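*Asks:* Please see the structure below; I have some questions.
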Amino acid sequence: MKIRRRLLSLLPVSATAFFIALSLSSCVTTAPVINQSSNGVALDKDMVFIRISVEGLKYLNSFSLLARPVKGGEPIKIQGWSMSSTGYWSTYYDEVEKGELVATSLPAGEYEIYSFVATASAWGGPRTVSPEKSFSFPFRVESGESIYLGNLSFRFKGDSGVLPSSMGTVKVDDQRKIGFDRMTGDTRLRDFKEIETRFPSLQLDRLKVRLLK
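Under this note's numbering, the residue at position 190 of the sequence shown is numbered 227, and the numbers go up by one with no gaps.
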């Protein structure tokens, strides 16, 4: 230590400051890595958790929800499923249920989920489709809180010439339309366990439940 002090006394002021900073830096611990959501969002306040499910589309490549602020603003894309997802699916070539619990960060405000974007290869090549008419699943985010919206499921019925008026439709081409049902559900028994595993810093008793209707 005496040798180090003697050396510092002989150095110019700028060099001394650099030497001290270098010595202190070796004692600083690395900051912990922030937990990430399935769509790459750092876990913080104002988080929105939702399970998105899709059934009945062969060769489904990706599926995303579209949300927007009720009072106007840019659309928000929420990735629900893709071929790189860590969610659930059976065989790629079957019309089975696919989906994932996802999280996204939104500022406080009133929102609605109004559409989706699906890409599938079931019609002679990859096609991207969206509903012909928008729908509305409203929800709100309050400042400093995280919320759980439950499960939003889309069940596609395949090509059909006559569809019930209650069903939504996507247009594949000039000759084909596909109908789909929209269903909401409470899957928190499954989802909370997954949230607890993936986001251990989040206190589940402080997670607000506001199921979509």
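From the three backbone atoms N, C-alpha and C, an ideal C-beta is built for every residue, glycine too.
Since the model is a prediction, treat every value here as computed from it, not as a measurement.
(1) Relative to the alpha-carbon of V166, which residue among D242, F217 and L200 has its alpha-carbon at the smallest distance?
(2) Pull up the distance between the alpha-carbon of K250 and that of P175, whole angstroms please.
(3) Going by the CB atoms, is the gap between I232 and F86 shorter than 8 Å?
(4) Is it the case that the Cβ atoms of Y148 and V178 are separated by a distance below 8 Å?
(5) Taking the alpha helix (DSSP H) that T224 belongs to, which residues open and close that run?
(6) Cutting at 7 Å between CB atoms, please list the residues of its own chain near V154, excluding the five before and the five after it.
(7) Going by C-alpha to C-alpha distance, which of T221, G110 and L94 sits closest to E134?
(8) Does G187 pass the burial test, meaning 16 or more other C-beta atoms within 10 Å, or should it be called exposed?
(9) On the DSSP bridge list, what partners appear for N98?
(10) Using the C-alpha atoms, what's the distance from Q212 back to W160?
(11) Is L248 closer than 8 Å to D228 when the C-beta atoms are compared?
(12) When the Cα atoms are used, what is the spatial distance from S99 to R243?
(13) Could you check which residue in A157, E169, G162 and S238 has the C-alpha nearest to that of E92?
(14) Roughly how many angstroms lie between the CA atoms of S171 and T234, to the nearest whole one?
(15) Should I71 go down as buried or exposed, given a rule of 16 or more other Cβ atoms within 10 Å for buried?
(16) Going by beta carbon distance, what residues of the same chain come within less than 6 Å of F193, once the five residues before and after it are set aside?
(17) Determine the closest residue to W118 out of I184, S90 and L143, with distance taken between C-alpha atoms.
(18) What separation, rounded to the nearest whole angstrom, lies between the Cα atoms of S106 and G146?
(19) Under 8 Å by Cβ, that's how I've got T141 and E169 pegged, so tell me the actual separation to the nearest angstrom.
*Replies:* According to the structure shown:
(1) Translated into the one-based positions of the sequence shown, residue 166 becomes position 129. Per the Cα distances, F217.
(2) As a first step, residue 250 is located in the sequence shown; it is residue number 213 there, counting from the start. As a first step, residue 175 is located in the sequence shown; it is residue number 138 there, counting from the start. Spanning the two alpha carbons is a distance of roughly 8 Å.
(3) Along the sequence shown, read from residue 1 onward, the residue named residue 86 stands at position 49. Along the sequence shown, read from residue 1 onward, the residue named residue 232 stands at position 195. Yes, they are a contact pair.
(4) Taking the first residue of the sequence shown as 1, we reach residue 148 at position 111. Taking the first residue of the sequence shown as 1, we reach residue 178 at position 141. Yes, Cβ-Cβ distance for Y148 and V178 is below 8 Å.
(5) Position 187 of the sequence shown, counted from the start, is the residue given in the question as residue 224. Careful: T224 lies outside any alpha helix (DSSP H) and carries neither H nor E.
(6) Sequence index remark: in the sequence shown, residue 154 carries index 117 (1-based). S101, L103, T165 and S167.
(7) Position 97 of the sequence shown holds residue 134. Nearest option by C-alpha distance: L94.
(8) By one-based count along the sequence shown, residue 187 stands at place 150. Buried, by the Cβ-count rule.
(9) For the purposes of this step, residue 98 is taken as the residue at position 61 of the sequence shown. DSSP lists no partner for N98.
(10) Here residue 160 is taken as the residue at index 123 of the sequence shown, counted from 1. Here residue 212 is taken as the residue at index 175 of the sequence shown, counted from 1. Taking the straight line from one Cα to the other gives about 12 Å.
(11) Stepping through the sequence shown from its first residue, residue 228 is reached at position 191. Stepping through the sequence shown from its first residue, residue 248 is reached at position 211. Contact flag unset, no.
(12) Looking up residue 99 in the sequence shown gives position 62. Looking up residue 243 in the sequence shown gives position 206. Distance between the alpha carbons of S99 and R243 is about 32 Å.
(13) Residue numbering aside, residue 92 sits at position 55 when the sequence shown is read from its first letter. The shortest C-alpha separation from E92 is found at A157.
(14) As a first step, residue 171 must be located in the sequence shown, where it is residue number 134. As a first step, residue 234 must be located in the sequence shown, where it is residue number 197. Cα to Cα, S171 sits roughly 35 Å from T234.
(15) Reading the sequence shown from its first residue, position 34 is the one you call residue 71. With a pLDDT of only 26 at I71, under 50, the local geometry of the prediction cannot be trusted, and the value read off the model is given with reservation. By the 10 Å Cβ count, I71 comes out exposed.
(16) Stepping through the sequence shown from its first residue, residue 193 is reached at position 156. The answer, listed in chain order, is G93, L94, I215 and F217.
(17) Locating residue 118 in the sequence shown gives position 81, where the first residue counts as 1. Out of I184, S90 and L143, S90 has the C-alpha closest to the C-alpha of W118.
(18) Counted from its first residue, the sequence shown places residue 106 at position 69. Counted from its first residue, the sequence shown places residue 146 at position 109. The sequence shown places Pro at residue 106, rather than the Ser named in the question. Cα to Cα, P106 sits roughly 7 Å from G146.
(19) In the sequence shown, residue 141 corresponds to position 104, counting from 1. In the sequence shown, residue 169 corresponds to position 132, counting from 1. Contact doesn't hold; Cβ gap of about 26 Å is too wide.
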